[in-house]
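As they're listed, the protein sequences go chains A and B. Numbering that gives the first Met the number 0 applies: residue 0 is where the first sequence begins, and numbers increase by one. Numbering that gives the first Met the number 0 applies: residue 0 is where the second sequence begins, and numbers increase by one.
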Amino acid sequence: MDTIQLAATDRAPLVDFDFASGRLQLRGESYPEDAAAFFGPLLQALRGYLAEGGVDPIVCEVGLVYFNSSSAKALMNLFMLLEDAAAEGRPVTIRWHFAEGDETIEEAGEDFAADFAHGRFEMVREQPA
Amino acid sequence: MLAQDFMNFFDVSRRRGVILSFGGDISENVLFSLGEVLKLRMSQGETDASVAKRVFAIFVEQAQNVIRYSADKVPRSTAKPGGLISAGVIVVGSQAERFFVVCGNELPSAEVPTLRARLDHLAGLTSEELKAFYREKLRQPPDEGSLGGSIGLIEIARRSSAPVEYDFQDLGQERSFFCLKAYI
Chain A
0 MDTIQLAATD RAPLVDFDFA SGRLQLRGES YPEDAAAFFG PLLQALRGYL AEGGVDPIVC
60 EVGLVYFNSS SAKALMNLFM LLEDAAAEGR PVTIRWHFAE GDETIEEAGE DFAADFAHGR
120 FEMVREQPA
Chain B
0 MLAQDFMNFF DVSRRRGVIL SFGGDISENV LFSLGEVLKL RMSQGETDAS VAKRVFAIFV
60 EQAQNVIRYS ADKVPRSTAK PGGLISAGVI VVGSQAERFF VVCGNELPSA EVPTLRARLD
120 HLAGLTSEEL KAFYREKLRQ PPDEGSLGGS IGLIEIARRS SAPVEYDFQD LGQERSFFCL
180 KAYI
């Protein structure tokens, strides 16, 4: 499975899906012109990777400072794939990064966390730079 | 006359607290550029960072609604959201110590009852109910005809500090003008 690396743009996050090591990363702002077109290939690649049925742990680091509602939908789909894999026994950890004091992002993380029964969802508080 | 006309126009806007206004064809690139100057303007003022983020978030959802759902679109070969160009109006301003974001666009009159019902429903929800509804919709496939997540309006209502105002004006020819105003 290939690695997917996309540099952050003004409105789309950095993507680093290193399937070989099980480390997935999204960082930055997310309100792409077309969220379905942006996230579609990422979801498809993840689905393919999970279908291979490995047992290695997956760690997904998400550090978004802003995301629009279309991106929220895509994130939900991403997390559901990971939770499904966790339900089948794959060790999955989501690490949700948020800046100290950013209640919007903190609350969004807590909302997503509520859907994980098998995967671990860690809230990672960061001090503002 | 020329300077006076447009100075008057500009003055009236400023007296009404308008920070930026755009009327005409809106694309994703226009949204991005307006958003950039809006962020800059708010970061240079004394706007609280969390308020600035909410204004920006509501601005993005409103502008994307115009781009996606305006009935007055520039015909293009692609129907993808990223390539759409749609006519509408977007105004961001501040009045009485709070911000507002207004958007307006034409839509087919046939869509008015459904949209009105959705907005009436959202208007009747408490903030906790809005949050629960948002979470519920996030888990469902998008509504038919939706190009996003069908959750933009809920997001706008959630991020607003007062009930969202909305109105429809019949334009004849089976078209109506839809207007939405959110306060932050």
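Virtual Cβ for every residue (Gly too), placed ideally from N, Cα, C.
Asked, Found
"7 Å Cβ cut-off: residues of chain A touching B/ILE89", "Near B/ILE89 there are no residues of chain A at all, since even the closest Cβ is about 15 Å away, more than 7 Å."
"Cβ of B/ILE25 within 8 Å of any chain A Cβ", "no"
"Rounded straight-line distance, which links the Cα of B/PHE58 to that of B/TYR165", "15 Å"
"B/TYR182 vs B/ARG75 beta-carbon contact at 8 Å", "no"
"Residues that B/ARG138 contacts on chain A, provided the C-beta gap is smaller than 9 Å", "MET75, MET79 and ASP114"
"Beta-carbon proximity of A/GLU121 to A/THR92, cut-off 8 Å", "yes"
"A/PRO31 classed as buried or exposed, judged by whether at least 16 other C-beta atoms fall within 10 angstroms", "buried"
"Beta-carbon proximity of B/LEU152 to B/ARG117, cut-off 8 Å", "yes"
"Rounded C-alpha distance that separates B/TYR133 from A/GLY108", "14 Å"
"Proximal residues of chain B, C-beta to C-beta of A/ASP9 below 9 Å", "PHE31 and GLU35"
"Residues near B/ILE84 by beta carbon distance below 6 Å, same chain, minus five either side", "ASP24, SER26 and VAL73"
"Interface flag, B/LYS52 vs chain A, CB-CB below 8 Å", "yes"
"Which of helix, strand or coil DSSP assigns to B/PRO107", "strand"
"Interface flag, B/SER49 vs chain A, CB-CB below 8 Å", "yes"
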